[in-house]
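Asks: Per the working numbering, the sequence shown starts with residue 3, numbered consecutively.
A virtual CB, placed ideally from N, CA and C, is assigned to each residue, including glycine.
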Amino acid sequence: MTDQHCPGFESNKQLKEVKVVCPACKADIEIFADELEKTLKCPKCGQSFDPKTCQVPSK
Ligand SMILES: [Zn+2]
């Protein structure tokens, strides 16, 4: 059995990921940094909100 590992996978990181919390249902949502500029729609409850105001500071 061969252990398949994709070597090119990690070079695929150009955009920073940020975590935001939906103000309506408190769901954790991971988005790319460029999406902070747009209105985000929560995949769980469908609420639209400004992700910049709901950002979770990273440790
Ligand atoms: Zn939500």
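Give the single residue among ALA29, LEU17, ALA26, CYS47 whose Cα lies nearest to the Cα of LEU38.
Replies: LEU17
Asks: What three-state label does DSSP hand LEU17 in the structure shown?
Replies: coil
Asks: Using 7 Å as the cut-off, classify the Cβ of ALA26 as near or not near the heavy atoms of ligand 1, replying yes or no.
Replies: Within the cutoff, so yes.
Asks: Just to confirm my understanding: we take VAL58, look at its own chain, exclude 5 residues before and 5 after, and list those with CB closer than 7 Å. What are they?
Replies: Excluding sequence neighbours, VAL58 sits near LYS21, VAL22, VAL23.
Asks: Got a sec: does ligand 1 put a non-hydrogen atom nearer than 7 Å to the Cβ of ALA35?
Replies: no
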